[in-house]
Structure formats: C-alpha cells, structure tokens
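Reviewing the structure listed below.
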Amino acid sequence: MEHTLFHYNAEVVSVYDGDTCRVNIDLGLGIWVHNESIRLHRINAPEVRGQEREQGLKSRDYLRDLIEGKAIVLQTIQDSKGKYGRYLGEIWLEMDGEYKCVNDLLVEHDFAEYKDY
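For the sequence shown, this note's numbering begins at 5 and goes up steadily by one.
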C-alpha cells in the first residue's frame, strides 16, 4: 500500500475528464481551499481530445454523473502538486451506506485502466 497523507471532506466542483476534477477541500476549523485540481491516482482515462475523444467523453460523463456537485472524501497521495499543477488523490464516495473508491469504479466500468506513474 502506498503511503498516503491525509483524508479530507471535499465537494466536487467540476469534472474535466475521466481522471481530473476540481474540488473545494475542507481543511477543518472552518478553513476551505477552493477549486483545487485533483488527478485521480493509479488510473488513466482516455483523453477528451484527439483520437480517444469519443471514449474520453464517455469516461468524463460517467465521472460527472457519479461525483459532480457531491460530497466526497479525498485521500491525498503527495503533499505537493505535480508538474501539471494537480494533487494526486483517491476519491471516496458514499454509496448505499458504504464508501467506494471512485478510482476503482472507473476501472471496473471500463472507463479507465490502472496505470503506474
């Protein structure tokens, strides 16, 4: 298991593609960080541009339907942004009384694949 840093309550503001979204993060004590870009860790989804566009749009739309505008738990992987200005994270969503990893759901439904990077 990879070393993780923290778990945060957060709200999903928008979904760019099947593995990137923007969230408002509750740091606690009434302190929020707004509109942070999150790259979903361990997975890769098709791009919404170029040759993968059709599958990329399906992946994006699935993720939008699943999490956009919803409360989530964000599990960070690193304490700094990567080269594209995004934090790496796992997103957990409460579904039917239990938390499910959205990263894994994308793979299970063929909207992304696991990838080491």
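All C-beta atoms, glycine included, are put in the ideal place defined by N, C-alpha and C.
Helix, strand or coil at residue i according to DSSP, with G and I counted as helix
i	result
Glu112	helix
Met5	Low per-residue confidence applies at Met5: pLDDT is 45, beneath 50, and the placement is therefore not dependable, though the value from the model is reported in the following sentence. Met5 falls in the coil class under three-state DSSP.
Burial state of residue i, where buried means 16 or more other Cβ atoms lie within 10 Å
i	result
Trp36	exposed
Leu9	exposed
Tyr88	exposed
Gly93	buried
Leu31	exposed
Residue i to residue j span [Cα, whole Å]
i	j	result
Asn48	Gly101	27 Å
Ile95	Arg57	24 Å
Ala116	Val17	21 Å
Cys25	Asp114	18 Å
Lys62	Ser84	30 Å
Tyr12	Gln59	30 Å
Member of the options whose CA lies at the smallest distance from the CA of residue i
i	options	result
Lys119	Tyr88, Arg46 and Arg64	Arg46
Residues sharing a beta bridge with residue i, DSSP
i	result
Ile29	Ala14 and Val37
Leu44	Gly93
Cys121	With the sequence shown as reference, residue 121 is identified as Tyr, and Cys is not the correct amino acid for it. Beta-bridge pairing links Tyr121 to no other residue.
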